[in-house]
Amino acid sequence: MIRKFIQKVFKKKPASVAAAQLKPRIYTRQQHGIAREKISDCAMRTTRLLQESGFQAFVVGGAVRDLLLGREPKDFDVATNATPAETRKIIRRSRVIGRRFQIVHALCGDEVVEVSTFRAVQSSAADDSASGTADAAHRTDEHGRVLRDNVFGSQAEDALRRDFTVNALYYDPSAEEVWDYGQGVDDVRRRVLRVIGDPATRYREDPVRMLRAVRFAAKLGFSLDPATRAPIGAMSDLLANVPSSRLFDEILKLLLSGHAHACVHRLREEGLHHGLLPMLDVILEQPLGQRFVDLALQRTDERIRDGKPVSPSFLLAALLWHEVLASSQRHTAKGMKPVPALHAAMHDVLEAQRKQLAIPHRYDAQMKELWLMQPRFMQRFGARPLRLLETPRFRAGMDFLVLRCEAGELDAELGNWWLQFSAADAEQRRALLESVSEDARAPEGQRKRRRPRRRRSARPAAVAAEN
Ligand code: ATP
Ligand code: MG
Numbered sequence: 015m016i017r018k019f020i021q022k023v024f025k026k027k028p029a030s031v032a033a034a035q036l037k038p039r040i041y042t043r044q045q046h047g048i049a050r051e052k053i054s055d056c057a058m059r060t061t062r063l064l065q066e067s068g069f070q071a072f073v074v075g076g077a078v079r080d081l082l083l084g085r086e087p088k089d090f091d092v093a094t095n096a097t098p099a100e101t102r103k104i105i106r107r108s109r110v111i112g113r114r115f116q117i118v119h120a121l122c123g124d125e126v127v128e129v130s131t132f133r134a135v136q137s138s139a140a141d142d143s144a145s146g147t148a149d150a151a152h153r154t155d156e157h158g159r160v161l162r163d164n165v166f167g168s169q170a171e172d173a174l175r176r177d178f179t180v181n182a183l184y185y186d187p188s189a190e191e192v193w194d195y196g197q198g199v200d201d202v203r204r205r206v207l208r209v210i211g212d213p214a215t216r217y218r219e220d221p222v223r224m225l226r227a228v229r230f231a232a233k234l235g236f237s238l239d240p241a242t243r244a245p246i247g248a249m250s251d252l253l254a255n256v257p258s259s260r261l262f263d264e265i266l267k268l269l270l271s272g273h274a275h276a277c278v279h280r281l282r283e284e285g286l287h288h289g290l291l292p293m294l295d296v297i298l299e300q301p302l303g304q305r306f307v308d309l310a311l312q313r314t315d316e317r318i319r320d321g322k323p324v325s326p327s328f329l330l331a332a333l334l335w336h337e338v339l340a341s342s343q344r345h346t347a348k349g350m351k352p353v354p355a356l357h358a359a360m361h362d363v364l365e366a367q368r369k370q371l372a373i374p375h376r377y378d379a380q381m382k383e384l385w386l387m388q389p390r391f392m393q394r395f396g397a398r399p400l401r402l403l404e405t406p407r408f409r410a411g412m413d414f415l416v417l418r419c420e421a422g423e424l425d426a427e428l429g430n431w432w433l434q435f436s437a438a439d440a441e442q443r444r445a446l447l448e449s450v451s452e453d454a455r456a457p458e459g460q461r462k463r464r465r466p467r468r469r470r471s472a473r474p475a476a477v478a479a480e481n
């Protein structure tokens, strides 16, 4: 008990003392090589206005890292010693966001720059006690996860509370200097991702940092520093304590990073996929499932890199598809008809998923729509293909089907036929419908043998309706 108390006090002290004594290494324009023109107008204006009012203001985080790497930053964040209220007064077009920890959004035309006030270190989580800490500003749960993080601090403290050395760099556009409180610039140059401080402690404070490590390593093509990597496998269970919505947001960032394929495989290598994406456990072990997931991820990455929109529900539906298939086969094996089996399977899979990484309900409907459309692509007779063509999400459904064909789950002929059918005129559609052999018109179990006459007459009528 006493030992723990001493450890607690002891561990707390060096963190604040360390921050107070920490001096940045300052890199000049010649040394860091960042061209000022690469900073967005809004970030330039925001830092200038704050500095003219006597405050410190820096571009910080991912943007500085990306500029050092010669990459285009996704967005610009600014860090300052002005409080949100002061910032709000200085930047006329701005608004305060957030309740727990306020930040300011500076607005310039379409661009938004996030301005945050320097925040203090989360040192309390160094505590190993099973009871957590009750310090009002830095409360942690019994696993050491920081529940509150709302104290303003010095710039050095702000640097120490950030996750990785390469994310803790401050660029001052007016002086054209990069301020580095760790070894961020060296790590960028060596392409190493390194946690600031003791990795196990930092993961305990916020287990999401383990996912961020994987995302940044995959996205930037960095290696994980051995000490940063070492605790991940053993600590992955801590992700179970993170609120589901935050976990989902982080997974979505990962899937939409343009490097989803690399990220997911890396998650698996690090043992972080358990309990997050349960389907990956099972699916990546079956050759067909793995091909399908790989293709879906690669296509998503390509679309993002080409600047095309991607739908999270499409990707999530793809990631869960083989689970749905397997479950639906279990139901049909017990004598259920294919369509009710598919409904039952969707329900099973979404329920099981909800217990792990809860997918928000708003995506459910679109995922179900994609899945339910799939059996309809098998029915190539009568008016059905034309009706399917008119459903609002037909294009997404067909892309999903084509992906299944490419992964080898279905015959390529089916996907090609739909691609042609959807692009054809009425005459060509009629010919395409005629070209489908009797056996290929609908899969076993979905043919309505009881009404052959209607089927025959429905075909010309449907084409006529098109004209
Ligand atoms: P991206 O290019 O993906 O936006 P980023 O580094 O800007 O990368 P953000 O998630 O936008 O990442 O976060 C901005 C900055 O806030 C990070 O660079 C990091 O310094 C800090 N940060 C974000 N999340 C955490 C966290 N969980 N723990 C500590 N610091 C964090
Ligand atoms: Mg960012």
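For the sequence shown, the residue numbers in this note's numbering are 15 to 481. Ideal Cβ placement from N, Cα and C applies to all residues, glycine included.
- Task: Could you check the C-alpha separation between R107 and D172 for me, to the nearest Å?
- Result: 25 Å
- Message: Nearer than 7 Å: is that true of the beta carbon of D222 relative to any heavy atom of ligand 1?
- Response: For the record, residue 222 in the displayed sequence is Val; it is not Asp. It does: the Cβ of V222 is within 7 Å (strictly closer) of some heavy atom of ligand 1.
- Task: Decide if the segment 93 to 113 is in contact with the segment 76 to 83; the criterion is three or more beta carbon pairs, one per stretch, under 8 Å apart.
- Result: no
- Item | CA-to-CA distance, E441 to A366, given in whole angstroms | 46 Å
- Quiz: which residues have CB nearer than 6 Å to ligand 2 non-hydrogen atoms: G75, G76, K88, D89, D91
- Query: Could you give the residue range of the alpha helix (DSSP H) that holds R203?
  - Reply: 198 to 204
- Query: According to DSSP, is S108 helix, strand or coil?
  - Reply: strand
- Since S130 and D91 are thought to touch, with beta carbons under 8 Å apart, how far apart are those beta carbons, to the nearest angstrom? 7 Å
- Task: Pull up the distance between the alpha-carbon of A120 and that of I105, whole angstroms please.
- Result: 7 Å
- Enclosing alpha helix (DSSP H) for F72 [first to last residue]: Careful: F72 lies outside any alpha helix (DSSP H), inside the beta strand (DSSP E) at 71 to 74.
- Item | Environment of N430 [buried if 16+ CB atoms lie within 10 Å] | exposed
- Item | Span of the alpha helix (DSSP H) around V338 | 326 to 347
- Message: What I want to know is whether the C-beta of R226 ends up closer than 7 Å to one or more non-hydrogen atoms of ligand 1.
- Response: yes
- Task: Go ahead and pull the three-state DSSP assignment for L364.
- Result: helix
- Are the beta-carbon atoms belonging to H345 and A359 less than 8 Å from one another? yes
- Message: Spatial neighbours of A421 within its chain, please: C-beta separation below 6 Å, excluding the five flanking residues on both sides.
- Response: R305, F306, L309
- Task: Enumerate, from N- to C-terminal direction, the unbroken alpha helix (DSSP H) stretches of 4 or more residues contained entirely within the segment 29 to 60.
- Result: 43 to 46
- Item | First and last residue of the uninterrupted beta strand (DSSP E) at E404 | Neither: E404 is in no beta strand (DSSP E) and is coded neither H nor E.
- Taking the Cβ atom as the reference point for each residue, do V165 and R205 lie within a distance shorter than 8 Å? no
- Message: Does A241 pass the burial test, meaning 16 or more other C-beta atoms within 10 Å, or should it be called exposed?
- Response: exposed
- Query: When burial is assigned at 16 or more other CB atoms within 10 Å of the CB, is H273 buried or exposed?
  - Reply: buried
- Task: Please classify A33: is it buried, with 16 or more other beta-carbons within 10 angstroms of its beta-carbon, or exposed?
- Result: buried
- Message: So if DSSP puts V209 in a beta bridge, which residue, or which two residues, is it bridged to?
- Response: F178
- Message: Below 8 Å on the Cβ atoms is my contact criterion, and I expect M412 with S449 to pass it. Report the Cβ-Cβ distance as a whole number of Å.
- Response: Not really, about 18 Å apart at Cβ, beyond 8 Å.
- For ligand 1, is there a heavy atom less than 7 Å away from the beta-carbon of A182? yes
- Query: Measuring CA to CA, which of F236, Y217, R243 is closest to D251?
  - Reply: Y217
- Query: With a cut-off of 8 Å, do at least 3 Cβ pairs link the segment 254 to 262 to the segment 368 to 376?
  - Reply: yes
- S342, buried or exposed, once every other Cβ within 10 Å from all chains shown has been counted against 16: buried
- Check whether the Cβ atoms of A227 and L238 sit closer than 8 Å, and answer yes or no. yes
- Task: Could you pull out every residue in the same chain whose Cβ sits closer than 7 Å to the Cβ of S67, ignoring the five residues on either side in sequence?
- Result: I104
- Task: Might you give, ordered along the chain, the residues of its own chain that have their beta carbon closer than 7 Å to the beta carbon of E284, omitting 5 neighbours on each side?
- Result: V228, I246, G247
- Item | Short Cβ contact (8 Å threshold) for I210 with F236 | no
- Message: If distances are taken between C-alpha atoms only, which option among R455, R444, L402 comes closest to E427?
- Response: R455
- Task: Would you mind giving the Cβ-Cβ distance between E125 and S54, rounded to the nearest angstrom? I have them listed as a contact below 8 Å.
- Result: 6 Å
- Which residues DSSP lists as bridging Y184, in chain order: V74, W193
- Item | Within 8 Å, strictly: CB atoms of Y184 and F115 | no
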